[in-house]
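Written out below as structure tokens is the structure these notes cover.
Protein chains in written order, with the working numbering: chain S, 1316 to 1424; chain F, 60 to 927.
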């Protein structure tokens, strides 16, 4: 079992937004995708996922729509809005700057 | 939303299960593992809802719905709480409405905040308040701080036109008044400055009508403008009509018409030309930005200069008060006091309801614990509880508003009729807003305690504890409830002594001897028609009234007792010449023969006037005991001579010396509670006044002769209406109207407060007994006697009450001085009253604790020990 890495709240938002950048997905698919792409390092529990999704929806960065999933069941799909895309860009930039700076400090000191 | 979330989460779970199945687990195992990892739905849902930051309105509506359900499930509690609240809020709203309309609302003029009353008072005593016209003109000419100054006085006028002669309340004002008030006419125009002077001979002076008069007597016809009227025997022309909402002066009967000061300026020796004739009220419009003290200082300087220029008059100075203060002066303090008292009632009510809620909270803590276990945040629970209590407050407030409107109708009957703006009291926006505010505040206040308590619940303690909460939770709760009861008793103790003092004062007041016998005496006013001689006319009227079968005696007088309607006059005593400006003064009155007998005023010495005392015989007077004691102490006043400064009936020049022929007992001419002033009575035949009171003592009900009197009067002269028909009893009642009103109300409030406080004591003691049933059972089982238990509980109750009484009495004692202005014959800090009130409260609280105490004493130890 991989060790659970605790994700700070802002980071989860970033990951969700990034995941939705390609195409709208439903909740479970989002968590599966993040799990896969991070090579199982990041496992998002639904206890954190859904509140985050609701939060993002309230801020107007994602929008929900009911549709049918792959196995023809009803599922709620979330997609990025225009402002969501802008937010994603901003957060991504901020994240890269942060990690670069932290990395620099870790390298040199 | 709920259903959606449910569905979404379920779908997620199913996917997890499917994933595990795909990786090879059997379905059941997969389901189990997934469920464990998944956790609880509800918590997630709660967090999602929180994350949405939701809809404040949605949550509130949800809470409201829940609150209503809760209330419906506990009808007993709900009814008690709502009823108590309705009473408290209703009473407070009603009193507030009165205070707001009478005292707080600004005057209905655009310039209201700059309007001031300019009072001319005697420098030595501060008495007076009215000015003379020459003084006023000098004030207006010499001052620089006013944008305008106007005089006004009310007068009774008789309108003779078509149909019955009408008696109307009118006002004589300076032309400048209407522009000063910013008042515009509905029709026509207002006065022009030159109309302060009488019209040239043969011309008519202008008159302005009130809206209601125009409607009633002129059929709202625009052609009323320009019409000519006969008022008081003189011709006037209608030049304007005021809007329906206009009223000036605001106090007293509504004014139906306004004429200029020119009305007083006619004749050879008009009142307006006499610097010593002080009879006009003066109102001024301060220039913008001028502070009142500055204006007062300037006016005082002008008055002082006038004193030097005219030394023959008593020195006077000037006081300025904002117009609204002058208007509501005497009723302001009592009304504000009542507002404070009713506020105390509201606080007691809130404490009572809070206690009720706390009692219920004990029974609900399991519900709270379950909620907390299900994930409700503290904030959420608190919020829901506060919503519940606010809902309670709003419902109680709604019913309270209805109650308030009913109470208002009652109040308006009780309030003395001459309180200004009474007619304007009613439902309006401010009142609704106030009611709403109070309801919500009350709801918040008494909900705070239970809500705070509920949010601190520790889960395990609540769920495992016995239903009574006998742990530390219960103790804190008990302390809180005791604290509330102590404050209730304290508030009741605050009000009780005040009410007792007022009651004592009122009893003293009504036992005062007015100096005459007021029973079964009818009075009415009339004006001698112009062209008739007063003595002859009055004699005819009196004779006619005396002839009515049930009248035992009748007479006439210029100023009736208790009306404050006095004429002040200077008095010169024979043999003690003094210059005019420094002569002593006395009240001057004129009467027909038999007046003293009709009113049963005792004749102490000498004789009454007879029909032979007329303008051709020796000038005589009768004085009262106060005057005799003042000027002729230790001497016999009969036969001495004095010269009152009033000479009507004797032509121009100095009035004659008059011989004193009799001394009568003192009569309260002004206030019942004031000392009687020295009085001089002259025969009406020697000192005729055209406006008179006719008095008639009847064998039966005085009101029965009114119709007959009118008929007889009409047969003498059909142009003379009689007005102000009242009995002396009514005058007497009116003179104590304000004290009666305040005493009644404050007494009622104090009684209500005591009742509520007792209910509070009873409630808390019952609760304590129930809470400690187990402990009491143990005690009884161990041998404690019933009497001891009873005394124990009783003692606790009385102890609680004592603390409350002590606090309340101290507060009451320090505030007692505020009452002194409305008390008569009673010292505000009389310790006996406070001691008695304390005792009474303790006894009553003891009684309230007695019932629970008896219940405690009768606890069956077997049952108590078993019940858990």
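Every residue, glycine too, gets a C-beta built ideally from N, C-alpha and C.
Minimum Cα-Cα distance from residue 879/F among the listed residues 800/F, 62/F, 774/F and 392/F corresponds to 392/F. By the C-beta density criterion, residue 728/F is buried, having at least 16 other C-beta atoms within 10 angstroms. In the structure shown, the three-state DSSP call for residue 833/F is helix. For the segment 545–615 of chain F, the continuous alpha helix (DSSP H) assignments of 4+ residues that do not extend past its boundaries occur at 593–605, in sequence order.
For residue 642/F and residue 720/F, the gap between their C-alpha atoms comes out near 22 Å. Straight through space, the alpha carbons of residue 715/F and residue 668/F are spaced by roughly 18 Å.
In this structure, residue 795/F keeps its C-beta atom at 8 Å or more from the C-beta atom of residue 560/F. According to DSSP, residue pairing for residue 471/F in a beta bridge does not occur. In the three-state reduction of the DSSP assignment, residue 389/F falls in the helix class, which pools H, G and I.
Counting the other CB atoms within 10 Å of its CB gives residue 463/F a total of 16 or more, which places it among the buried residues.
Under the rule that a run must span 4 or more residues, the alpha helix (DSSP H) segments found entirely inside the segment 642–691 of chain F read 654–658 and 684–690. Scanning chain S for C-beta atoms nearer than 7 Å to the C-beta of residue 111/F yields 1369 and 1373, reported in chain order. Beyond the five residues adjoining it in sequence on each side, residue 872/F comes within less than 7 Å, by CB distance, of 888 and 893 in the same chain, given in chain order. Judged by DSSP in its simplified three-state form, residue 232/F adopts strand.
If the five residues before and after residue 541/F are omitted, its C-beta is found closer than 7 Å to the C-beta atoms of 823 and 859, all from its own chain and listed in chain order. Between the segment 260–276 of chain F and the segment 332–344 of chain F, the count of C-beta pairs closer than 8 Å stays below three; the two stretches do not touch.
The Cβ atoms of residue 1403/S and residue 1344/S do not sit closer than 8 Å to each other. Its chain contains 440 as the residues whose beta carbon lies nearer than 7 Å to that of residue 430/F, once the 5 sequence neighbours on both sides are disregarded; these appear in chain order. Under the DSSP assignment, residue 768/F falls in the alpha helix (DSSP H) whose first and last residues are 765–775. In terms of Cβ geometry, residue 404/F and residue 735/F do not form a close pair [threshold 8 Å]. Residue 816/F and residue 780/F have their C-alpha atoms some 56 Å from each other. Closer than 8 Å to the CB of residue 833/F there is not a single CB belonging to chain S.
Annotation for residue 209/F: the continuous beta strand (DSSP E) segment containing it runs 205–219. In the three-state DSSP reduction, residue 138/F falls in the helix class (H, G or I).
Residue 255/F places its beta carbon 8 Å or farther from that of residue 322/F. Residues of chain F whose Cβ lies closer than 8 Å to the Cβ of residue 1362/S are, in chain order, 98, 102, 103 and 106. Along the segment 71–98 of chain F, going in chain order, the ones with a CB nearer than 9 Å to a CB of chain S are 71, 72, 73, 74, 75, 77, 78, 96, 97 and 98. By the Cβ test, the segment 147–161 of chain F is in contact with the segment 401–415 of chain F, since at least three Cβ pairs between them sit closer than 8 Å. Apart from the 5 residues on each side of it in sequence, residue 182/F sits with its Cβ closer than 7 Å to the Cβ of 374, 375 and 376 in its chain, given in chain order.
Straight-line measurement puts the Cα of residue 418/F at about 28 Å from the Cα of residue 840/F. Using a Cβ-Cβ cut-off of 8 Å, residue 1365/S counts as an interface residue toward chain F, since at least one Cβ of chain F sits closer than that to its own. Contact annotation for residue 1389/S against chain F: 66 and 70 [CB-CB distance below 9 Å, chain order]. Counting along the chain, no beta strand (DSSP E) covers residue 484/F, and no H or E run does either. Residue 75/F sits in a helix when the DSSP states are folded into three classes.
Unbroken beta strand (DSSP E) stretches of 3 residues or longer found wholly inside the segment 161–190 of chain F: 174–181, given in chain order. Taking a C-beta cut-off of 7 Å against chain S, none of the residues of the segment 117–144 of chain F qualify.
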